[in-house]
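In what follows, a single structure is set out as structure tokens and then discussed.
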Amino acid sequence: MDLNVDFAGIKLKNPLVGASGTFGYGLTYEKFFDLSLIGGFCTKGLSMKPREGNPTPRICETPSGMLNAIGLQNVGYEKFATKKMPKLRKISTAVIANFFGETMEEYIELAAKLDALEGIHGLEMNISCPNVEKGGAAFGTDIRVTEAVVKGCRAVVKNKPLIVKLSPNVADIAEFARACEGSGADGLSVINTLVGMAIDIKNRKPILANVTGGLSGPAIRPVAVRMVWQCYKAVKIPIFGIGGVASAKDVVEFIMAGASAVQVGTMNFVSPDIIPQLAEELPELLVRLGAASVSELVGVAHGG
Amino acid sequence: MQCTVTSIQSLAAGFFHLSLTPEKPLGPITPGQFVMIRCGESTDPLLRRPMSVADFEADGSRLGLLVQIAGRGTGTISRLDKGDQLDLIGPFGQGYSVPPEARTIVIVAGGTGVAPFMTLTPTLVSQGKDVHVLLGARTKELLLMEEWFLHAGASLHVATDDGSKGFDGLVTALMMERLDHMEEPPDMALACGPAGMMRAVAALAEHNNIPCQVSLENSMACGFGACLGCVAHVRGEKRYVTVCRKGPVFDSREVLI
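Here it is, written out as structure tokens:
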């Protein structure tokens with residue numbers, strides 16, 4: 008069974024990639040499995056300077072999902088490049104650097120640095136993180152700002168595929184997908200978390216210290232599948248389907264909706280070896296569905 | 008890792024002890040380390056529940072857990088029967104660490120906070136240390152594993168909030184009383200229980216210059232350092248540490264409880 012996927016030039020040995028924010032810098036998962044078994048992973052969102060993140064409580068379980076407001080905690084570019092990359096270069100898997108900035112300048116400066124960093128296979132721009140007041144939300148929910156930041160990064164990212172991770176917290180995601188494609192993006196990641204909140208009824212206040220958080224997990228899967236469907240109709244560039252993938256069936260569902268590959272997020276927390284497990288289960292399901300490869304199923308639900 | 012339930016015993020209303028045999032030994036365990044338990048195969052409830060390892064075999068070929076029914080997840084676990092399977096991962100985190108030169112140890116536990124001390128207490132006693140165990144609960148019915156500690160070779164004192172057994176009041180008030188009784192202050196205090204209790208134990212220990220270790224119980228999604236949900240605030244710094252990896256047991260002076 009051919010599980011290989013070429014995602015905007017990133018060679019994935021299977022269509023299963025660890026989603027940013029659930030996969031650390033990859034190395035966290037080495038104690039559970041051999042990282043070369045998976046298609047790749049997206050790093051925790053990187054910023055120029057290290058960030059300490061939000062106060063606690065940062066997470067809260069919800070029906071078939073969870074809310075998080077981690078606040079973009081990360082080690083910063085320098086530490087990532089000097090401490091994590093030497094180890095990651097020895098592993099045969101695609102390393103996609105997820106990044107964000109608080110200003111247009113920071114986005115562009117960081118994009119240029121990551122483009123030049125040896126061992127990074129692709130860049131994933133986070134324009135949609137809803138957690139930090141000054142951070143992602145503004146970039147990913149205003150179409151002109153989205154275009155400007157994608158164009159700005161595109162101009163300096165000369166060697167590697169540039170993927171934009173879209174916010175679902177917009178009225179028409181297809182419009183944003185088209186804007187990214189028109190601004191030079193090579194691929195899309197659909198979707199980031201949905202803004203949600205939960206109340207502690209005993210104490211009569213929000214559970215999360217940040218008040219709102221990003222909803223993820225199987226609960227959001229139907230929304231994500233719908234948005235992948237809409238984006239597939241709107242653009243030609245490849246799409247990562249993201250949102251509550253928990254089984255091989257879910258992987259195929261996203262692919263049929265139009266995803267070229269999927270990212271597994273929240274379920275890594277529950278079953279840390281879920282990605283290699285899915286890689287093992289996927290061929291059997293594809294055979295049962297009469298498919299000879301992953302690529303022949305991309306977007307088939309849209310008809311001929 | 009799949010485990011077989013070898014026994015499940017009710018301890019008090021809403022509390023039970025679960026004994027598990029993993030399909031393969033988990034490897035060495037340090038008291039204070041925890042495992043992450045899956046509550047059934049469904050995605051609702053979704054996340055694993057962290058639980059401190061209570062009694063265990065040194066090689067991790069058997070382990071016991073003390074569980075308090077807090078919601079649907081632990082409710083599902085409470086309905087398991089002998090012979091059923093349970094999925095867990097771990098052990099994770101840093102347990103209690105008692106230096107060889109510490110001679111006198113005071114252990115303060117509230118509710119299911121007795122769990123990490125079930126194996127640690129007899130171990131410390133066997134090393135010739137003078138171990139004082141203070142157990143606290145709201146009522147005498149809720150004093151967990153008292154029998155176990157009676158046979159562990161430590162000096163045991165209990166406190167109940169309603170005075171139905173032992174010291175009448177909070178276990179921290181009992182601790183204050185015991186410290187007054189002791190000729191010399193203990194070399195170390197170890198605490199596990201509700202946050203308020205641990206804060207009080209830590210304050211008392213610090214006031215008396217006694218090194219104190221506490222076990223934090225922040226909500227966590229993964230248990231192995233990926234979600235960054237469980238962080239604790241480092242005292243006096245604008246910095247967080249993961250409870251699951253750097254803890255759950257910390258020196259009380261290191262983090263905000």
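Residue numbers (the numbering used here), protein chains in the order written: chain A, 8 to 311; chain B, 8 to 264. No residue lacks a Cβ here, since even glycine has one placed at the ideal position from N, Cα and C. In this text, all values refer to a predicted model and were calculated from it rather than measured experimentally.
| Query | Result |
| --- | --- |
| Neighbourhood of B:ASP194 by C-beta distance below 6 Å, restricted to the same chain and skipping five residues each side | ALA109, ARG110 and THR111 |
| Beta-bridge pairing of A:GLU68 - partner residues as DSSP gives them | A:MET73 |
| Straight-line Cα distance separating B:GLY34 from A:ASN138 | Bear in mind that a pLDDT of 37 at A:ASN138, under 50, signals an unreliable position, so the number given afterwards is only what the model happens to contain. Spanning the two alpha carbons is a distance of roughly 39 Å. |
| Proximal residues to A:MET274 (C-beta, below 6 Å), its chain only, five neighbours per side dropped | ALA253 and ILE281 |
| Supposed close pair A:ALA266, A:GLY248 - CB separation, criterion 8 Å | 3 Å |
| Whether A:PRO103 touches A:GLY129 by CB criterion (8 Å) | Here residue 103 of chain A turns out to be Ile, not Pro, going by the sequence shown. In this structure, A:GLY129 lies closer than 8 Å to A:ILE103 by Cβ. |
| Short Cβ contact (8 Å threshold) for B:ASP88 with B:VAL12 | yes |
| Integer-rounded CB distance, given that B:MET8 should sit under 8 Å from B:GLU30 | 6 Å |
| Nonlocal neighbours in the same chain, by C-beta distance under 6 Å from A:GLY203, ignoring five residues either side | LEU74 and LEU222 |
| Top-ranked residue by Cα proximity to A:GLU182, from A:ALA162, A:VAL294 and A:ASP149 | A:ASP149 |
| Chain A residues whose Cβ lies nearer than 8 Å to that of B:GLY71 | Ordered by position in chain A, no residue passes the 8 Å Cβ test against B:GLY71, which lies about 24 Å from the chain. |
| Buried versus exposed, by CB contacts within 10 Å (16 or more), B:LEU141 | buried |
| Within chain A, partners of B:GLY232 - CB distance below 7 Å | GLY31 and THR35 |
| Unbroken stretches of the alpha helix (DSSP H), 4 residues or longer, contained in the segment 107-182 of chain A | 111-123, 143-148 and 150-163 |
| Neighbour flag for B:ALA209 against chain A, beta carbons, 8 Å | no |
| Straight-line Cα distance separating B:ALA210 from B:ILE15 | 37 Å |
| Within-8 Å CB hit, A:GLU131 to chain B | no |
| Closer than 8 Å to chain A by CB, B:VAL238 | yes |
| Cα-Cα separation between B:ALA228 and A:GLY47, rounded to whole angstroms | 22 Å |
| Three-state secondary structure assigned by DSSP to B:ILE237 | For clarity, residue 237 of chain B is Cys in the given sequence; the question names Ile instead. In this structure, B:CYS237 counts as coil in the three-state DSSP scheme. |
| Minimum Cβ-Cβ distance from A:GLY72 to chain B less than 8 Å | yes |
| Enclosing alpha helix (DSSP H) for A:CYS238 [first to last residue] | 228-241 |
| Neighbour-count burial assignment, B:ALA77, 16 or more Cβ in a 10 Å radius | exposed |
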